[in-house]
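Trainee: Chains as they are written, first to last, in our numbering: chain X, 60 to 170; chain U, 42 to 158.
My questions all concern the structure below.
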Amino acid sequence: DQQVKQNSPSLSVQEGRISILNCDYTNSMFDYFLWYKKYPAEGPTFLISISSIKDKNEDGRFTVFLNKSAKHLSLHIVPSQPGDSAVYFCAAFFGNEKLTFGTGTRLTIIP
Amino acid sequence: GAVVSQHPSWVICKSGTSVKIECRSLDFQATTMFWYRQFPKQSLMLMATSNEGSKATYEQGVEKDKFLINHASLTLSTLTVTSAHPEDSSFYICSARDPAGQNTEAFFGQGTRLTVV
């Protein structure tokens, strides 16, 4: 049972435009959500997170939106840069439970 | 921010041998660390939760006798792949959360690329 889903395996965006990565979850107990970026042969690096008590969190070019009623979150990157090309994973957890990851979306920024 | 260091970053071993991967939290104490495995073009799959001073908790389908986990101190967890086979070739990643930190994100090691020949 995939509790965290990223339905788009890949996404291509023109440099300078907005990249929107989506994530859906099924477990209503999740109360903390995170986005990670991963380059090939490297460990994931943390990007941004959001608590379930919020619906938006912004950090520089990255903004995460959470829609609890729809069990949906999204990551907006604007403006997109070539260095943003990577695989992005959303993840969720509650309490001290382990992180549950989505399947990832490969983002390619076209110069 | 908190750092998790993983070693080695890559290793090639012969089939039937054992390989040990280390995961260290460099500036915080981690009572719990997590070990993940990633197959090409797939998500991170949790293998086991490593608990300091007690037995690891393995996810369903993960052979505990094959993937030995030892969490002997608050800053070190090790994963030993015993009697490795080519199908064990994968990218292994550890992570830990700083229980005393303000942020609750998990910090990840650099990952270990294991190739069994």
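All C-beta atoms in this analysis are idealised placements derived from N, C-alpha and C, irrespective of residue type, glycine included.
To the nearest angstrom, how far is it from the Cα of ARG76 of chain X to the Cα of ILE107 of chain X?
Mentor: Here residue 76 of chain X refers to the residue found at position 17 when the first sequence is read from its first residue. Here residue 107 of chain X refers to the residue found at position 48 when the first sequence is read from its first residue. Answer to the nearest angstrom: the Cα atoms are 20 Å apart.
Trainee: For SER145 of chain X, write down the residues that DSSP places opposite it in a beta bridge.
Mentor: On the first sequence, position 86 is the one that residue 145 of chain X refers to. Correcting the residue identity first, residue 145 of chain X is Ala in this sequence and not Ser. Answer is X:LEU166.
Trainee: Counting contacts by CB-CB distance shorter than 9 Å, is LYS157 of chain X in contact with chain U?
Mentor: Taking the first residue of the first sequence as 1, we reach residue 157 of chain X at position 98. Answer yes: the Cβ-Cβ gap between LYS157 of chain X and chain U drops below 9 Å somewhere.
Trainee: Would you kindly work out how many angstroms separate the C-alpha atoms of THR121 of chain U and SER95 of chain U, rounded to a whole number?
Mentor: Numbered from 1 along the second sequence, position 80 holds the residue referred to as residue 121 of chain U. Numbered from 1 along the second sequence, position 54 holds the residue referred to as residue 95 of chain U. Spanning the two alpha carbons is a distance of roughly 16 Å.
Trainee: If I follow the unbroken beta strand (DSSP E) through LEU125 of chain X, where does it start and stop?
Mentor: Residue numbering aside, residue 125 of chain X sits at position 66 when the first sequence is read from its first letter. First-last of the beta strand (DSSP E) with LEU125 of chain X: 121 to 126.
Trainee: Can you tell me which of the three DSSP states GLU63 of chain U falls into?
Mentor: Here residue 63 of chain U refers to the residue found at position 22 of the second sequence. In the structure shown, GLU63 of chain U sits in a strand (DSSP, three-state: E or B).
Trainee: In this structure, does DSSP put SER101 of chain X in helix, strand or coil?
Mentor: Residue mapping note: residue 101 of chain X aligns to position 42 of the first sequence, counting from 1. Per the sequence shown, the amino acid found at residue 101 of chain X is Glu instead of Ser. Three-state result, GLU101 of chain X: coil.
Trainee: Under 9 Å Cβ-Cβ, which residues of chain X neighbour GLN70 of chain U?
Mentor: Mapped onto the second sequence, residue 70 of chain U falls at position 29. Going along chain X, no residue has its Cβ under 9 Å from GLN70 of chain U, so there is no contact; the nearest lies around 15 Å.
Trainee: For ASP139 of chain U, does the three-state DSSP call read helix, strand or coil?
Mentor: For the purposes of this step, residue 139 of chain U is taken as the residue at position 98 of the second sequence. Note: ASP139 of chain U maps to coil in three-state DSSP.
Trainee: For GLN47 of chain U, which residues does DSSP report across the bridge?
Mentor: As a first step, residue 47 of chain U is located in the second sequence; it is residue number 6 there, counting from the start. In DSSP, GLN47 of chain U forms a bridge with U:CYS64.
Trainee: Excluding sequence positions up to five away, which residues of its chain have a Cβ less than 8 Å from the Cβ of PHE148 of chain U?
Mentor: Locating residue 148 of chain U in the second sequence gives position 107, where the first residue counts as 1. Taken in chain order, the residues that qualify are GLY42, ALA43, VAL44, VAL45, SER66, SER136, ALA137, ARG138 and ASP139.
Trainee: Starting from the Cα of TYR98 of chain X, find the closest Cα among U:ARG78, U:GLY152, U:ASN92 and U:SER59 and give me that residue.
Mentor: Along the first sequence, one-based indexing puts residue 98 of chain X at 39. Nearest option by C-alpha distance: U:GLY152.
Trainee: Does the beta-carbon of GLU117 of chain X have 16 or more other beta-carbons within 10 angstroms, so that it is buried, or is it exposed?
Mentor: Taking the first sequence and counting its residues from 1, the one referred to as residue 117 of chain X is at position 58. Per the 10 Å Cβ criterion, exposed.
Trainee: Helix, strand or coil: how does DSSP classify ASP129 of chain U here?
Mentor: As a first step, residue 129 of chain U must be located in the second sequence, where it is residue number 88. If DSSP states are grouped into helix, strand and coil, ASP129 of chain U belongs with the helices.
Trainee: Measure from the alpha carbon of TRP76 of chain U to the alpha carbon of each residue in U:GLU63, U:GLN70 and U:GLN83, then state which is nearest.
Mentor: Numbered from 1 along the second sequence, position 35 holds the residue referred to as residue 76 of chain U. The candidate whose alpha carbon is nearest that of TRP76 of chain U is U:GLU63.
Trainee: Note down, in chain order, every chain U residue with its Cβ under 8 Å from the Cβ of THR162 of chain X.
Mentor: Within the first sequence, numbered from 1, the residue matching residue 162 of chain X stands at position 103. Within 8 Å Cβ-Cβ: GLN83 and SER84.
Trainee: Work out the CA separation of LYS113 of chain X and GLN61 of chain X for me, nearest whole Å.
Mentor: For the purposes of this step, residue 61 of chain X is identified with residue 2 of the first sequence, where counting begins at 1. For the purposes of this step, residue 113 of chain X is identified with residue 54 of the first sequence, where counting begins at 1. Their backbone Cα atoms lie some 24 Å apart in a straight line.
Trainee: Give the interface partners of GLY94 of chain U over in chain X, defined as CB-CB distance under 8 Å, in chain order.
Mentor: As a position in the second sequence, residue 94 of chain U is number 53, starting the count at 1. Going along chain X, no residue has its Cβ under 8 Å from GLY94 of chain U, so there is no contact; the nearest lies around 16 Å.
Trainee: Mind checking which residues open and close the beta strand (DSSP E) that includes ARG154 of chain U?
Mentor: Position 113 of the second sequence, counted from the start, is the residue given in the question as residue 154 of chain U. Run containing ARG154 of chain U: 153 to 157, per the beta strand (DSSP E) assignment.
Trainee: Say whether the region 153 to 160 of chain X touches the region 107 to 122 of chain U, bearing in mind that this needs 3 or more beta-carbon pairs closer than 8 Å, one atom from each stretch.
Mentor: The answer is no - the region 107 to 122 of chain U does not touch the region 153 to 160 of chain X, with fewer than three Cβ pairs under 8 Å.
Trainee: Would GLY119 of chain X count as contacting chain U if we go by Cβ distances under 9 Å?
Mentor: Against the first sequence, residue 119 of chain X aligns to sequence position 60. By this cut-off, GLY119 of chain X is not an interface position.
Trainee: At the 9 Å Cβ level, is VAL52 of chain U part of the contact set with chain X, yes or no?
Mentor: Translated into the one-based positions of the second sequence, residue 52 of chain U becomes position 11. Not closer than 9 Å to any Cβ of chain X, the Cβ of VAL52 of chain U fails to qualify, so no.
Trainee: Taking Cβ positions only, does ARG154 of chain U come closer than 9 Å to chain X?
Mentor: By one-based count along the second sequence, residue 154 of chain U stands at place 113. Chain X contact via Cβ: present.
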